[in-house]
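What follows is a short report on a single structure.
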Amino acid sequence: AGWAAPWMPFRKLVVGVGMVPRGEVGLIFADIGRRSGVLPEEVFGAVLLMVMATTFVAPPALKALFARE
10 AGWAAPWMPF RKLVVGVGMV PRGEVGLIFA DIGRRSGVLP EEVFGAVLLM
60 VMATTFVAPP ALKALFARE
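In this note's numbering, the protein residues as written are 10 to 78.
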């Protein structure tokens with residue numbers, strides 16, 4: 010998504026960090042895999058933890074990036 014504005018390298022970083030917490034789609038597919046028996050509970054738990062971690066880390070990271078601008 011950040012490649013749309015090659016003349017603004019800082020904006021690419023902001024777009025990239027802003028897209029980090031987009032884990033809801035991953036959670037949906039992980040849950041489908043878990044329910045169908047393809048994805049073990051342990052892996053689903055790891056996916057869930059990563060989605061939660063990135064959701065909590067991205068806002069402070071974005072705040073720091075915008076403060077730098």
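Beta carbons are placed, not taken as given, at the ideal position from N, Cα and C, and that holds for glycine.
- Spanning the alpha carbons of L71 and V23 requires a straight line of approximately 7 Å.
- Taking all protein chains shown into account, A73 has fewer than 16 neighbouring C-beta atoms within 10 Å of its C-beta and is therefore exposed.
- Each residue's CA atom was taken as its position, placing A67 and L36 some 17 Å apart.
- In the three-state scheme derived from DSSP, where H, G and I count as helix and E and B as strand, V47 is classed as coil.
- The alpha-carbon separation between V52 and F65 amounts to approximately 20 Å.
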